[in-house]
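Right under this line is the structure:
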């Protein structure tokens, strides 16, 4: 029931065309979700410059193309994560603006690139094997309208590499720190900056890394304040949260 | 080696009083940490309106009093977390501005309350048993110069309670969502807001809650974007990160 | 906004005392929860012969007495689970109908005992150490208006004991099977009956029972169809679900 | 030995055609299992409109065809779960009534479709990746003689979608709630209905979802009463238990 | 229903005193358990020289005394495991033959000591902290009519101590090997003997011993053939199984 | 140093041909292992009618053939476990007595079948998927000179099937009980027999069976006395231990 | 059999007082352990300046005093770890050289302090709560004859503190790095030194630190080469291994 | 800024060509990492005879060739671990000194073999399946300039095999003990030697070995002093640490 429909209902009631019980029933019977929608719509309007995101894993290329088409119809940016080469091919065939971020295993289709916010997000990562996850975060961050600084291969075993890039890191509004194995990078970085650090454990490692559990636990137990954590390999999730924070930092708001 | 000392060193070199090798050695031998200190100091200056925090658990009341005294000497706010009644008593005896936040198991000693930032942080929690952790987050948020809205007992089993408070939650700059048991609250909240949600699993529950592991896993696996997670029962950590984000949103910066 | 208030609002609108915009606003602004309440109320009305349940653990005797008082004011049955002797004492002092189920660690306060449904629920348990959990289930079942058959100490190591009681078990509408250690009882029972079996793992055991995890896993992996599982030691949860099912079986409905 | 055979035996004894010892021997020598069979038969008779179910995984197509043939000989419905395309092909080749439920990875072969019970079972699921498990539950429910409502893609991150379908959900006799990742759906649903909710965790997710463990734990720790849980991905088990409950609700019984 | 009763039943049927339906009903209604009892009784007769065992943990002294009294009435040996000083006191007060095995945390009450079997069982243990569990095994073994050799403190870190006792170990019919920490003793022993080795992990250790899990896993993964394992700290279980095996080795049987 | 060599050494010392220090040195320097060998040899002689066993997994067909050839040279029985079709082919090509036990994934090569012991070992298993592990146990038992009774598909969900075979099970000297999923079979069996039960958990199952962990824990926590456990899927280990026990029961010994 | 006894035996044989068979028997029958002892003695002689260590936990004060007395009789250093105040009191009462290292929860009793080796071992630790474990390592290191440098509170969250002490750390022969929580310290240190780093996880932390498991996993997965790990809280084990290494570095050897 | 550049800077300052502020700025602005580099360089100089190591897993052959080429340009030894046949082929094609250690899954490219240190490292392993990990350790040890003794297949189930080689083991400066399954070898070895033992758990085993976790836990809980542990299958890590220790033992140092 839209606002217009509700107004008509009330008018018909005032005009005596329908009994009061019917009006009451209409409002009561109105599924919460409809009113809920209004509310949800409001807040979706607030964030509508954020692209809807398609999780590619476990979807067929056809399904992904179909969902992407629907989003593009509504004039939205498209970000597809966790794709295979097949997904990329199918999307490229259909939509010419398709950009395939090979390393990040993502596709973006932007009708018109979003204007970039002032300030930037740093995506730092410990080792070269962490790059796919770091890139998923970076691509997410960019497609959502943020500038990004990629700082790679600064694992804690070679501290000088990290310290050499610290100035840049300290200038970022948000830092996404990606690491597998012992997952120490976010703790060391967070000890040196005053901005929020979003830690992303990766499944990089073997033996007692248990597919990223060792890094995850290290990050949850960080002795440095200001670290929050996302799921193992969840570059997208970190990028999304970082963009929300950077938006708070740079967009106009109360 | 301070900047003054370095200048003197150079002058003596120029004056021929010391050989070049000695200057080079002085700079090379200079412990990285001293130069590091400079850098660290700079960024600590940037955040010096943030109180240093004392983790009370496992420290004697005497130790806590001693550290607090040192912080107060330097004119800093004091926040002590995870305290016992004994800690509180010892601090109150020594420092008259001591405020004991019983439920939060914290003490704050503020020389002068920080001016509060515009915008606020919402601390929502699922059940009454989650209150101590939620209060630790709320007290942290407040002592760091933020306004806070406490919204309690809105667990997902009674959805209407949460929906009734949604408007307030949506107005917050950051939401801290605290829950034990199945830990679903942050996911449901994050689906309805466009701001960052920091999820705090609590150790509330029994049996297969495994001291908060069930809630932790649920939060790490949230199907809603924009959720980041801290350690089980880590109300302070969530409050600290939320304050960093709110500071980005409201303080003057690039 | 109650139905009565809504009706008055509409009448005043029809009478021209308030503008349409105000009515629309009232309904739209109405917190979703209020309409939600209506819906929730409806379904709570459907189940209003079910007592609200107070989880005693972690609440002070005063808190429990207060909540119980509020429930009794509204004419509801009271069930308090996981209580200590102190809770029981405080409740008995205040409410004379208080019944303390020592073994079940529960208190019930019934203004008027609910009429019992036709059909019964069997609560079977493996060992004497499982009795407190079994009794929590049985007391829950009874206070919610069901007849219960308690069948104790029929662990699978002495199969004849279980077989001797099988006829009774087969007559029940629902079976709650409580077991610790290897948790085999629900599988064996479910193989012999055509009714739903709700399995309750208990934390009874030592070593590699891991506080009930062994029994929980056994029950989740039951080779017998028709077994569903609740949390470790969650006698109340099993009793609640069993009562819902027995209500379906015996109450009038479509 | 069927009841008829036993009656004939007794008649021949009364008629003097066989000695008493032979009768006694027949009953005594009858392995417990035979007498057990009688008992089991009785209760199997009670449930004989339930199809025997073949777990396809790990069986060869030949084995599955053979077991199915035997069941069909006895006039029973056939449900084969966890099948591959090979199983389906082999069954279709042999039995023309074979229906291959591709998404559910099941085959059903029904001589004569069972009359459907009054009342229905709702199968709700959180995401599109949970569909195969949800469909396994739905197909099980249908082949066992129940009507089913499928309600898909109502994950808690988009609460309005779930609320929009709540009315239907509330009308169901039993709800099967299927979810991976954080597994919050059953808790939210159970908070809004008065009927039993059977929760099915799925292995959908990555990283710290640990193949469905995160969802499983969330469901076991649900803060909403009336939730019982089955094994990860066990759509069949949920469907079977739901059918047992719906049968109690709708079939004639004491 | 005994054979005699069944015969009478049949005679009365033949004589026309009771209808066929009644006979059929009697046989069908005969609880499986009754026939089962016969079977169970038989095998209990076979093992009636084995004492019934009372698990003391979680039982009150009164309960234990009561069960012990019942067993003694039937002329059986009594073994109570996992007792406290209170249990021991209560039993000693009531039964004068009570023997309190302090280290083993057991009480035995033997009317008449069983004659000891030829052959013996070796109970070997790694460290002095493993002694309570080893003694529980040894006391069990003795009360069940076996001779026992106790060989203590022969952990693998001092291999010579174990080798020095190897001759005795090799002469045993069964070896119970008790160890905490890394749990290597059973593997080393089993490599040097041709008799069955029953491994008992103990909860002795700290940190990553996880209450005996490290030892348990080591024993389950033993590279030496002939090792079987019981639960952590389950000295009684090992003693019971060892006695069963020694009984096979030494009692008269086919 | 053999006994003969030692004697010669002593003689040369007595004859004054070598100094005392040299004799002492010879004995001291003698690697413990040599004396150890003597001891080990003795006990290997005691068990030399037991075949050496080759674990095929992870070995090439060539390696397996080579080890088998060496064993056959020494006149020993050969048992190869965990083989592939390739292993079997390679062995059959080389040794004509090769028997490939397809289901058990084993090969045996017996020069001369061992005479079978009196008494037999029962191998019972819960489901048809557990057969490969049960067969590995059965083939091991047979090749080591024991008679075996295979009793399949008697899972606890259909208790009558197990009870029907109980008489045979009770006659066995040792019972090997193989089960996956909830692993209840050994507990139920052990409650009905007086002989040792060796429980073998299998990796059969899905979801929260965690590759056999659920069954393993159930077996370790068995409420029935007399159950010992081997590693998941370790049919060979169970067969080996069972044969050791049956040998004690039937071979001549003190 | 000591060397002296063996010599006497040989002399008596040479003198014809005993037959050769008796000598051979003596050596052969000599428990392997006796000869083993010789060997073990040899290598214990090599390390005899290392004190025997008494693990105090779980031993009574009397037991500890007794073992200490025996060690002192043999002129050895005494180190008792994991003691309570009671242990310390009992030891001090008996032995006046007793030194109670309160923080380290150790007692040492040194007849004569060992001369210290050249070179030193650095014991670095992350936080003040890790001190007891670090001190256990330091005291162990000292009592075994090594010089130690204690470097405390240099956790990775304040990198400058660690870098300030790096020069000292780099000069050590071995570094023991002690840390709880996220356990990152050993990785960062090992990246900056060329000497072996022994990592000691502590149980310091809460929530998902799981009693030190998070730190343990981080250390096992260190991205820096040269890190080896000991059990959680095992300061003694780290000190012992470090002393072995420092002994290799500084003692005379091939 | 290299030392040369710094010297030039100072000279220009002394010559009055640049102001003091500029010099100060140059040193201050110099990224910490540059000064850090100096320090790091110093310690890398100390260890520059150690080859840089390339972890092959997850890198393409091209990437590996490229990194190897860069290392060779700088005159360094090359060690590539965890390679596939493709890596080996690509390296061999490019660099003729390439040596492919098939079993160890490593490639080494040595311009000039390092002179071997006095003293040796023993690499002992339990079973033939542990060989690849043991070989990775051995190859690492050798390429870093150490002599190695390989001692294979001395698992604790055949103790005599280990004792037979003990003399050699005792002569080593460091022992690397590699074992899967129950992981007992390092404990037994460490009980017999006075040198450091580095334990390497392997993922060899099945069922409850959990990919090496059982062995890992056994090693962390070793009852023998002097054992430190590396990650599962981390032969390289053990070899690296062993070489560091052997270098301490044999190279000239304070």
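Residue numbers (this note's numbering), protein chains in the order written: chain Z, 17 to 270; chain R, 17 to 270; chain P, 17 to 270; chain A, 17 to 270; chain L, 17 to 270; chain X, 17 to 270; chain E, 17 to 270; chain B, 17 to 270.
Using N, Cα and C, we set each Cβ at its ideal position, and we do this for glycine too.
Check: Between residue 237(B) and chain Z, is there a C-beta pair that is closer than 8 Å?; Outcome: no
Check: So, at 8 Å on beta carbons, what are the nonlocal neighbours of residue 56(P) in its own chain, with the 5 sequence-adjacent residues on each side left out?; Outcome: The predicted position of residue 56(P) is uncertain, since its pLDDT is 31 and thus under 50; no value can be drawn from it.
Check: Please work out which residues of its chain come closer than 7 Å, Cβ to Cβ, to residue 262(L), disregarding the five sequence neighbours upstream and downstream, and give them in chain order.; Outcome: 133, 135, 137, 162, 189, 190
Check: Would you give the residue range spanned by the alpha helix (DSSP H) that residue 177(B) belongs to?; Outcome: 175-180
Check: By the three-class DSSP mapping on this structure, what secondary structure does residue 144(X) have?; Outcome: helix
Check: Would a C-beta distance cut-off of 8 Å place residue 150(P) and residue 170(P) closer than the cut-off?; Outcome: no
Check: Is it true that the segment 205-215 of chain R meets the segment 216-227 of chain A, where meeting means three or more beta-carbon pairs spaced less than 8 Å apart?; Outcome: no
Check: Let me see if you follow: with CB-CB separation under 8 Å, is residue 203(B) close to chain X or not?; Outcome: no
Check: Which of the three DSSP states, helix, strand or coil, is assigned to residue 232(L)?; Outcome: helix
Check: When the Cβ atoms of the segment 223-234 of chain L are set against those of the segment 245-259 of chain E, are three or more pairs found closer than 8 Å?; Outcome: yes
Check: Since residue 171(Z) meets chain C, which of its residues come closer than 9 Å, beta carbon to beta carbon?; Outcome: Of the chains in the structure shown, none is chain C; the protein chains are Z, R, P, A, L, X, E and B.
Check: Classify residue 131(E): buried if its beta carbon has 16 or more other beta carbons within 10 angstroms, exposed otherwise.; Outcome: exposed
Check: Hey, how far is the Cα of residue 81(L) from the Cα of residue 195(R)?; Outcome: 46 Å
Check: Between residue 89(A) and the rest of its own chain, which residues show a CB-CB distance below 8 Å, the 5 nearest in sequence each way excluded?; Outcome: none
Check: Where do the ends of the beta strand (DSSP E) carrying residue 129(E) lie?; Outcome: First-last for residue 129(E): undefined, no H or E at that position.
Check: Does residue 146(P) pass the burial test, meaning 16 or more other C-beta atoms within 10 Å, or should it be called exposed?; Outcome: buried
Check: Just checking, does the segment 101-117 of chain E make contact with the segment 181-188 of chain E on the three C-beta pairs under 8 Å criterion?; Outcome: no
Check: Does DSSP classify residue 183(Z) as helix, strand or coil?; Outcome: helix
Check: Compute the beta-carbon to beta-carbon distance between residue 192(E) and residue 255(E), rounded to the nearest angstrom, for a pair I have assumed lies under 8 Å.; Outcome: 7 Å
Check: Report the three-state DSSP secondary structure of residue 201(X) (helix, strand or coil).; Outcome: helix
Check: Using a 10 Å radius around the Cβ and a threshold of 16 neighbouring Cβ atoms, would you call residue 128(P) buried or exposed?; Outcome: exposed
Check: Is residue 155(P) close to chain Z? Criterion is C-beta to C-beta, closer than 8 Å.; Outcome: no
Check: Using a cut-off of 7 Å between C-beta atoms, extract the partners of residue 30(X) located in chain E.; Outcome: 29, 30
Check: If you follow the beta strand (DSSP E) that residue 105(X) is in, where does it begin and where does it stop?; Outcome: Element bounds for residue 105(X): not the beta strand (DSSP E) but the alpha helix (DSSP H), 101-110.
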